[in-house]
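Engineer:
Residue numbers (our numbering): 1 to 549.
Below is the structure:
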């Protein structure tokens, strides 16, 4: 899939949504918005600093939060102090004491009933000018089961998260980061721009990631930006990021990578929407990647990806139909990687059952097809293959203040078309979940399992499993530390490829204000593969400042 096909897909996605954006004012007069405009920029973290207790019932815009003000003036409960109330510690709403002679459980009834008046509970008449088909005659709680949940309040306007829950859901990491300040953005009409720039310097003890370590310093520049719509109906987002590193001595390791992405959400009804993403990534291949060159210039990898998902909610049952296409092109100076170019397509069906807004169970079935441009130069065997993935798991949704994300377990298999290559199968674990343990501490659990392509002679693929956990703790409101560990394996199941990697990280962030953050990161990597010549260890340090608006 070349540049023409990429441009065609881009136009196919953006033009229809742009037309709807133009017609949005007319649509808003005839259709009631499904969610209110987002004008409040106060985060849950800032609320907690103000002494407000928020429980997990604040899972979406439709749920009412139990909020109680904490009295910080007294250290003990004083019976004579009207500001003291033991219900605050439990998060229960306060109420006035009943009057003398009135039972506490009759206070509400006493306020509603009067002598001589019988309340028959008849519904109010319909307001003139409203379409009867848009008026729900039943219980509002029952009617809510038939509507898609609202996107949820978020100052950064993450509104298109129901695509691939592992790769494309950013709401999970949003809760994990628990930053004390949110960028305010720059309003441009009905859009908001969030620009960001990271400037810093890094040092690596093993630039080439080899058994013969060489260290070097680098200057790093990482610009990024997001342009997001702030509409009551539908959503559009455009984003771009860059990563530029320039080494002092080993210039072959200089990195000039970029990523551009467009997302869209088309709200068909209150029950149905279509979400789509189209992206292009261009990066240099890591020296430790499968089939990577260990000498000369690094291979440049260009990935074009498009994905679309249709979501429909019946009641507690929701269905998602998802399809994607990815094209990978490997380019290097010697033109020795053209046999690694391939196109992958995938079709997925998911069924979810919601027990409550912050807990659902789901099952998912996906099939994929991978087609190469040419046979592998290593053994003249085609790497074309077909695969299946079966998953079952639980989801915590995207709007909870305690838990977000999902965890699934299943089975995956990838079968090459050529019988000379063996199929690769095994257990798959996928996760992207955050637990807000306290107001100061949060944990992020990630996992990813898939069959990685390789042109190694007589190998049909390698099963890649990656599991990581990271903890983030706020020592002060403006001082946040993080620590994590990741374990990754590559196994071809025939003793030809067997690689293991441990990576541990430490981080520290100091928030000068909402627009400037000074930060530092440290990472240590231990890599173990078949043959001692491939083993290596490396240490990396990065110090910089993040500027944003």
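Positions of the beta carbon are idealized from the N, C-alpha and C atoms, including for glycine.
Note that the structure is a prediction, hence the values are computed from the model and not measured.
1) How would you label residue 349, buried or exposed, when you count the other beta carbons within 10 angstroms and need 16 or more for buried?
2) Identify, in the order they occur along the chain, each residue of the same chain with its Cβ nearer than 6 Å to the Cβ of residue 486, setting aside the five sequence neighbours on each side.
3) So, for residue 302: in the same chain, excluding its five sequence neighbours on each side, which residues have a beta-carbon less than 6 Å away from its beta-carbon?
4) Let me know if residue 585 comes out buried or exposed under the rule of 16 or more other beta-carbons within 10 Å of its beta-carbon.
5) Let me know the beta strand (DSSP E) ranges lying completely inside the segment 256 to 339, each 3 residues or longer, listed in chain order.
6) Can you tell me the Cα-Cα spacing of residue 373 and residue 346, whole angstroms?
7) Could you pull the start and end residues of the beta strand (DSSP E) that residue 236 belongs to?
8) Anyone know if the C-beta pair for residue 483 and residue 465 falls short of 8 Å?
9) On the criterion of 16 or more Cβ atoms from any shown chain inside 10 Å, does residue 338 qualify as buried, or is it exposed?
10) Can you tell which of 227, 207, 375, 219 has the C-alpha that lies nearest to the C-alpha of residue 194?
11) Pull up the distance between the alpha-carbon of residue 366 and that of residue 391, whole angstroms please.
12) If you run the structure through DSSP and keep just helix, strand and coil, what is residue 176?
13) Under the rule that 16 or more other beta-carbon atoms within 10 Å means buried, what is residue 28, buried or exposed?
14) Once the 5 residues before and after residue 256 are set aside, which same chain residues still bring their CB inside 7 Å of it?
15) What's the C-alpha gap between residue 318 and residue 273?
16) Please state if the CB of residue 454 and the CB of residue 290 are separated by a distance shorter than 8 Å.
17) Considering residue 155, what are the terminal residues of the beta strand (DSSP E) in which it resides?
18) If distances are taken between C-alpha atoms only, which option among 297, 360, 493 comes closest to residue 252?
19) Out of curiosity, what's the CA-to-CA distance linking residue 572 and residue 424?
20) Applying the 10 Å Cβ sphere with the 16-neighbour rule, what's the burial state of residue 186?
21) Note down, in chain order, each residue of its chain lying with its Cβ closer than 6 Å to the Cβ of residue 191, except the 5 sequence neighbours on either side.
22) Could you check the C-alpha separation between residue 545 and residue 519 for me, to the nearest Å?
23) Rounded to the nearest angstrom, how far is the Cβ of residue 294 from that of residue 408, given a contact under 8 Å?
24) Tell me which same chain residues have a C-beta within less than 6 Å of the C-beta of residue 325, skipping the five on either side of it?
25) With distances taken between CB atoms, is the gap from residue 459 to residue 428 smaller than 8 Å?
26) When you compare the CB positions of residue 172 and residue 433, do they come within less than 8 Å of one another, or not?
27) Would you give the residue range spanned by the beta strand (DSSP E) that residue 194 belongs to?
28) Please report the distance separating the alpha-carbon of residue 633 from that of residue 539.
29) What's the C-alpha gap between residue 477 and residue 514?
30) Pick helix, strand or coil for residue 252, following the three-state DSSP scheme.
31) DSSP on residue 171, reduced to helix/strand/coil?
32) Inspect the CB distances between the segment 155 to 169 and the segment 378 to 387 and report whether three or more fall short of 8 Å.
33) Evaluate residue 479 with the Cβ neighbour count: other Cβ atoms within 10 Å of its Cβ, from every protein chain shown; 16 or more gives buried, anything less gives exposed.
34) Give every residue of the same chain whose Cβ lies closer than 8 Å to the Cβ of residue 535, excluding the five residues on either side of it in the sequence, and list them in chain order.
35) Buried or exposed: where does residue 249 fall if 16 or more other Cβ atoms within 10 Å of its Cβ makes it buried?
36) Report the rounded CA-to-CA distance for residue 237 versus residue 158, giving the unit in angstroms.
Structural biologist: This is what the structure holds:
1) Under this definition residue 349 is an exposed residue.
2) The answer, listed in chain order, is 468, 503.
3) These residues qualify, in order along the chain: 282, 329.
4) Only positions 1 to 549 of the chain appear in this structure, which leaves residue 585 out of reach.
5) The segment 256 to 339 contains these whole beta strand (DSSP E) runs: 272 to 284, 300 to 313, 317 to 331.
6) For residue 373 and residue 346, the distance between alpha carbons rounds to 18 Å.
7) Here the beta strand (DSSP E) through residue 236 covers 235 to 247.
8) Result no, Cβ atoms of residue 483 and residue 465 do not sit closer than 8 Å.
9) Per the 10 Å Cβ criterion, exposed.
10) With distances taken between Cα atoms, residue 194 lies closest to 227.
11) Roughly 9 Å between the two C-alpha positions.
12) Residue 176 falls in the helix class under three-state DSSP.
13) Only weak support is given to the placement of residue 28: the predicted model assigns it a pLDDT of 41, under 50, and the value that follows is read from those uncertain coordinates. Under the 10 Å beta carbon count, residue 28 is surrounded by fewer than 16 other beta carbons and is classified as exposed.
14) Excluding residues within five positions, the ones whose Cβ falls inside 7 Å are 244.
15) Residue 318 and residue 273 have their C-alpha atoms spaced approximately 12 Å apart.
16) For residue 290 and residue 454, yes; Cβs fall inside 8 Å.
17) For residue 155, no beta strand (DSSP E) segment is defined, and its DSSP state is neither H nor E.
18) Among 297, 360, 493, the Cα nearest to that of residue 252 is on 297.
19) Residue numbering for the chain in the displayed model covers 1 to 549; residue 572 lies beyond these limits and cannot be assessed.
20) Note on residue 186: under 16 other CB atoms within 10 angstroms of its CB, so exposed under the neighbour-count rule.
21) Taken in chain order, the residues that qualify are 227, 229.
22) Distance between the alpha carbons of residue 545 and residue 519: 6 Å.
23) Going by Cβ atoms, the distance from residue 294 to residue 408 rounds to 36 Å, so no, they are not a contact pair.
24) Excluding positions up to five away in sequence, the list reads 306, 345.
25) Residue 459 is not a Cβ neighbour of residue 428, given a cutoff of 8 Å.
26) Their beta carbons are under 8 Å apart, which means residue 172 touches residue 433 by this criterion.
27) Note, residue 194: beta strand (DSSP E), 191 to 204.
28) As shown, the chain starts at 1 and ends at 549. That puts residue 633 outside it, with no answer to give.
29) Cα-Cα distance, rounded: 12 Å.
30) It is helical.
31) In this structure, residue 171 counts as helix in the three-state DSSP scheme.
32) Put simply, the segment 155 to 169 does not touch the segment 378 to 387. Fewer than three CB pairs are less than 8 Å apart.
33) By the 10 Å Cβ count, residue 479 comes out exposed.
34) These residues qualify, in order along the chain: 211, 527, 528, 529.
35) Residue 249 comes out exposed.
36) One C-alpha to the other measures close to 9 Å.
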